[in-house]
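Residue numbering for the sequence shown follows this note's numbering, starting at 10 and increasing by one per position. Note that beta-carbon positions come from the ideal geometry of N, C-alpha and C, so glycine has one too. Owing to the predicted nature of the structure, the values given are computational and were not obtained by experimental measurement.
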Amino acid sequence: MRVMVTGGLGFIGSHLVRWILNHQPEVEVINVDSLTYAGNPENLADVKDNPRYRWRRISVSDSLALNTLLDESPVDAIMNLAAESHVDRSIQSGVPFMETNVLGTQVLLEAARSHGVKRFLQVSTDEVYGSLGPDGLFSETSPLAPNSPYSASKASADLLTLAAFHTYRQDIIVTRCSNNYGPYQFPEKLIPLFVTNGLEQKPWPLYGDGLNVRDWLHVEDHVRALWMVLQSGSPGEVYNIGGNNEHTNREIAHALADLMGLPYSIIVPVADRLGHDRRYAIDANKIRRELGWQPEVSWSQGLQDTVAWYRDHRGWWERIKSGTYLQYYRNQYGVL
Ligand code: NAD
Ligand code: TYD
């Protein structure tokens, strides 16, 4: 079996590629990643010489390049993770989000269809459901109500994917996961930003009152779920994936400060994010019931291991934060 993973040089994509290579000895992986600021070949340095792995530097919105690749190397399945993924960046400009997340998904769906790719998995987010009040959970039938340019672009991609099932009976599945954490997460997201700032004795910017709630899942639990859905999910269906693990941002800041032996005074309240969604929480009963998936990494162990990973991989995030990694890849591969 050969699988195309898009966005495999990013945070979740790199975990997925490594997981497949380590757990599925018969599977070959083609990683399609255009290497934006968020992609980093270092994330997969340990597998780059594996004969079952290849990276092609192609954008998912580049129809010609994608179709040529699929002509040369047919695949059985596509797992689409390539995306612009940071809400704060989408508030600055939504344009790259539309190009990659919306147009890129449509280009991939059409390429999959014309090449007879057997299954297409669209990796989406709980953010497409919008914001919850203090109670309740998002189920797969909750209405889509995205509030940021990022989540609106992901909701659009979900709708395009579901439309391909309705119109063409294309074998597609959509997954919607809650917030991920773990090694190799780009240090612009909450947990890696706070941990790396802590290691540099820099302040932790906590947005607004710090009481926004997210449902956190370790990235390894997410990629295991993605593989189970690819193997055993039903065509045309949506599967929520979540950790049943809600925390306010302030609770996370306190937990990280405790783990790192830092005073709470490192936490500095700053202006709130525009349109900041108050609460996300996932009902993951469907994937538990139908596919037997459940999270395996506990929050306390996962958070402790994540802090340790950033402490032990200082070079990885220092090169990102200083921008020297971009300079290096610009020299090696041209404009990024
Ligand atoms: P990331 O930003 O770390 O990685 C994105 C990757 O996509 C990078 O390697 C980048 O180079 C690549 N990419 C961007 N534009 C591309 C393009 N046009 N063509 C090819 N490659 C391109 O993102 P992530 O956090 O790993 O998220 C992966 C996917 O999972 C995204 O679709 C995201 O919406 C979804 N998701 C993320 C989370 C989370 O908490 N991080 C939660 C739920 C769902
Ligand atoms: P983030 O990691 O950007 O993920 P998302 O917006 O996709 O949920 O943010 C997680 C939460 O942390 C969100 O409520 C915003 C908040 N946050 C801060 O308080 N300070 C920060 O510096 C960042 C990046 C996020």
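Taking every protein chain shown into account, the CB of His-32 has fewer than 16 other CB atoms within 10 angstroms, so this residue is exposed.
Here the alpha carbon of Met-237 sits roughly 14 Å from the alpha carbon of Val-12.
By DSSP's assignment, Glu-51 forms no beta bridge with any residue. As DSSP reads the structure, Asn-40 sits in a beta bridge with Val-14 and Trp-64.
From the listed residues Ala-280, Asp-292 and Ile-100, the smallest Cα separation to Glu-255 is found for Asp-292. In the DSSP assignment, Asn-89 falls within the beta strand (DSSP E) that extends over 86-89. Restricting attention to Phe-129, Ala-262, Gln-131 and Thr-150, the CA atom closest to the CA of Gly-139 is found in Thr-150. Our two residues, Ala-234 and Glu-37, have alpha carbons roughly 19 Å apart in a direct line. Less than 8 Å divides the Cβ of Leu-53 from the Cβ of Val-26. By the Cβ criterion, the stretch 152-171 is in contact with the stretch 97-109, since at least three pairs of Cβ atoms, one from each stretch, lie closer than 8 Å.
Asp-224 is bridged by DSSP to Glu-255. In the DSSP assignment, Trp-213 forms a beta bridge with Ile-276. If you draw a straight line from the Cα of Gln-101 to the Cα of Ala-92, it is about 16 Å long.
Taking C-beta atoms under 8 Å as the contact rule, Cys-186 and Thr-257 fail to qualify, at a distance of about 20 Å. Beyond the five residues adjoining it in sequence on each side, Val-96 comes within less than 6 Å, by CB distance, of Ser-157 and Tyr-159 in the same chain, given in chain order. Counting only residues of its own chain and dropping the five nearest sequence neighbours on each side, Arg-297 has a CB closer than 6 Å to the CB of Gln-303. Of the other Cβ atoms in all chains shown, 16 or more fall within 10 Å of the Cβ of Thr-315; this residue is therefore buried. In this structure, Asn-40 sits near Gly-17, with a CB-CB distance shorter than 8 Å.
For ligand 1, a non-hydrogen atom lies closer than 7 Å to the CB of Thr-15. Ranked by how close their Cα comes to the Cα of Ala-317, the residues Arg-98, Tyr-177, Ile-200 and Thr-170 have Ile-200 in first place. Phe-195 sits in coil when the DSSP states are folded into three classes, being neither helix nor strand. The closest heavy atom of ligand 1 lies 7 Å or more from the beta carbon of Val-137.
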